[in-house]
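Data first, discussion second: the structure below is written as structure tokens.
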Amino acid sequence: MSSVRRWSAPGLRGRVILSFAIGASLVSILLAASVFTISRSYMVAQREGSAERQTSIRAEYVRNVLDGTDLPPAAVVSDLDLPAESAVLVRRESQWFASEVGLAAEPVLAKLGGADVALDDGTVRRHVSLFGEPYLAIGVPLNDDGDVLFELSPLSELESALRILKLALVSCAVLTTLAGALLGLWASRKVLKPLHEVAGTAAQIAAGELDTRLTETRDTDLTTIVQAFNAMVDSLQLRIDRERRFFGDVSHELRTPLMTLITSVSVLGRHEQDLPDRSRRALVLINAELEHLRRLLDHLLALARAEAGLHKDQLEPLSLAELLEHTLRESKRPTDLLVVETDCVVDGRKLALERAFRNLMDNADKHGGGLVEISLREAGGMAVVVVDDAGPGVQDSERTRVFERFVTGNPSRKRTTGTGTGLGLALVAETVKAHDGRVRCIPRPGGGARFVVELPLPELGPDPADENPPTRRREAVAPRRASRLRT
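Note that the sequence shown covers residues 1 to 487 in full-length UniProt numbering.
Below, the structure written as structure tokens:
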């Protein structure tokens with residue numbers, strides 16, 4: 001298996017958030033770059049203009065002093081009132097004089113391009129780096145003899161201001177990107193909310209709540225979707241109702257002629273000894289097939305009733321321990337197969353639940369190598385009934401399909417004896433679903449299959465006289481089953 005993980009594309013919400021974040025980032029970067037470029041150009045231009053004016057004033061002053069007095073150039077340059085960290089270089093009669101002791105003209109001239117630096121339109125303006133710091137060099141001619149004055153103005157404050165501005169703009173860009181992502185999150189929730197409602201409604205419909213519909217909306221963009229979805233569900237419900245009615249009607253109509261056939265064959269069976277051997281064998285086969293067909297129609301009618309749902313007037317409180325014990329006794333099975341940890345009382349239809357549990361027992365005997373044990377307990381607000389068998393178990397791929405109609409869970413198993421209808425577990429699933437429960441098939445520890453039925457326990461109203469009222473109906477286990485209690 002490759003250790004390289006495949007990159008998975010983000011979902012719709014992730015793409016919306018990413019789009020907003022990228023859009024906000026691009027806009028903020030473009031805006032920040034524009035603001036920084038314009039601001040930097042403006043600030044540099046202002047600094048250069050100010051420096052040029054100050055340098056021109058000092059050059060005029062130096063020119064007047066040198067031409068009108070006998071003061072040496074070194075004294076004139078050293079007496080100049082200069083801003084902090086600024087310096088002046090003056091060339092007088094091919095000699096250089098600096099305002100700062102230790103300031104040599106050679107490094108400055110090397111940065112400017114040599115001793116004979118050209119003075120375009122009378123001035124020179126260069127950005128240079130001296131002693132590790134940025135400087136602005138402004139050169140102004142003093143006369144026509146080649147004398148010139150250079151003033152070096154520090155740009156560290158300007159560079160510091162530009163760095164602060166850059167940091168502020170980058171921070172604003174990051175915050176804008178985060179704000180765009182948050183806006184994308186809000187927008188994605190707003191946009192996906194109708195989809196979540198559609199998904200939730202579809203899940204309810206898939207679970208069997210066919211009367212569920214999308215709520216009408218005033219959004220003109222969603223009205224068409226809502227109406228089309230509801231119309232589709234109406235059509236689906238109508239079709240399913242028709243199929244159910246047809247299913248039940250056909251099963252019911254077939255029951256009458258089937259009973260007539262069964263009665264007729266029963267009459268023939270009374271004179272079985274008078275029939276030839278070949279006719280007797282045919283009679284036995286007819287009896288077996290008619291019995292199979294009768295069970296099939298019974299299951300079909302029970303399925304139709306289970307799919308129709310339960311009405312409140314059909315529900316009654318049922319002790320599952322008593323119901324399971326009664327089912328074992330009626331099916332001629334030993335009652336000591338039942339293990340009760342906690343007796344649970346549920347609201348249900350007695351005949352429907354009894355048929356469902358009996359189908360599970362029959363399935364264990366016919367296809368599971370025999371019924372091993374039935375246990376009853378409470379877990380998480382649910383009554384849990386576990387039916388274990390001693391068979392080879394059910395394959396992982398078949399554990400969901402066994403609850404479908406006419407599926408045995410084993411492709412090689414065919415109906416050759418006429419004992420199975422392929423509807424027993426489907427009827428179990430529909431009955432449990434009608435009682436708001438669930439059923440599943442899992443492996444049994446030690447081998448075999450385990451069918452787990454979970455039915456919800458009804459809520460009880462609080463008793464004002466009881467400080468610790470029970471939340472669900474529960475009955476103590478009868479003493480006669482105490483020897484089978486688990487600890």
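Don't be surprised by glycine CBs; every beta carbon is placed ideally from N, CA and C.
Only a predicted model underlies this, so the values are computations on that prediction, with no experimental measurement involved.
Residue 95 - partner residues in DSSP beta bridges: 92
Cβ neighbour criterion (16 or more within 10 Å) applied to residue 403: buried
Enclosing beta strand (DSSP E) for residue 36 [first to last residue]: Segment 12 to 68 is the alpha helix (DSSP H) holding residue 36; no beta strand (DSSP E) there.
Same chain, Cβ closer than 7 Å to residue 188, neighbours up to 5 away in sequence not counted: 13, 16, 17
Residue 170 vs residue 59 beta-carbon contact at 8 Å: no
First through last residue of the beta strand (DSSP E) which encompasses residue 194: From DSSP, residue 194 is part of no beta strand (DSSP E) but of the alpha helix (DSSP H) over 156 to 206.
Unbroken alpha helix (DSSP H) run spanning residue 451, endpoints: First-last for residue 451: 449 to 456, but that is the beta strand (DSSP E), not the alpha helix (DSSP H).
Residue span of the beta strand (DSSP E) that contains residue 125, given as start and end: 124 to 130
Classification of residue 277 by the beta-carbon crowding that lies within 10 angstroms, buried from 16 upward: exposed
Ordered list of alpha helix (DSSP H) runs contained in the segment 234 to 310, each at least 4 residues: 277 to 307
CA-to-CA distance, residue 433 to residue 416, given in whole angstroms: With a pLDDT of 40 at residue 416, under the threshold of 50, the modelled position of this residue cannot be trusted; read the value that follows with caution. Cα-Cα distance, rounded: 31 Å.
Beta-bridge partners of residue 386, as assigned by DSSP: 375, 452
Contact under 8 Å by Cβ, residue 43 with residue 161: yes
For residue 455 and residue 382, believed in contact at Cβ under 8 Å, the rounded distance: 6 Å
Inter-residue CB distance, residue 377 and residue 441 (contact presumed, cutoff 8 Å): About 18 Å; that fails the 8 Å criterion.
Three or more C-beta pairs below 8 Å linking the segment 198 to 216 and the segment 45 to 62: no
Residue closest to residue 370, alpha-carbon to alpha-carbon, out of 450, 177, 92: 450
Close Cβ partners of residue 482 (< 6 Å) along its chain, the five nearest in sequence each way excluded: Residue confidence is low: residue 482 scores 32 on pLDDT, short of 50, so the model does not pin down where it sits. No coordinate-derived value is stated.
Residue 191 to residue 214 span [Cα, whole Å]: 16 Å
Reference residue 57, options 366, 151, 265, 351, closest by Cα: 151
Sequence-distant residues of the same chain with beta carbon closer than 7 Å to residue 325, five excluded per side: 335, 338
Boundaries (first-last residue) of the alpha helix (DSSP H) holding residue 362: 350 to 367
Coarse secondary structure for residue 403, derived from DSSP in three states: helix
6 Å Cβ shell around residue 210 - same chain, five flanking residues per side excluded: 237
Simplified DSSP state of residue 134, which is helix, strand or coil: strand
Residue 443: first and last residue of the uninterrupted beta strand (DSSP E) it sits in: 438 to 443
Segment contact, 8 Å Cβ cut-off, at least three pairs: the segment 177 to 186 with the segment 34 to 41: no
For residue 84, the three-state DSSP class (helix, strand or coil): coil
Residue 136 vs residue 153 beta-carbon contact at 8 Å: yes
Helix, strand or coil at residue 107 [DSSP, three-state]: helix
Backbone secondary structure at residue 318 - three-state DSSP: strand
Integer Cβ distance of residue 173 from residue 25, believed to fall under 8 Å: 7 Å
With 16 other Cβ atoms within 10 Å as the buried cut-off, status of residue 143: exposed
Selection from 350, 320, 322, 39 that minimises the alpha carbon distance to residue 163: 39
Exposed unless 16 or more other CB atoms sit within 10 angstroms - verdict on residue 354: buried
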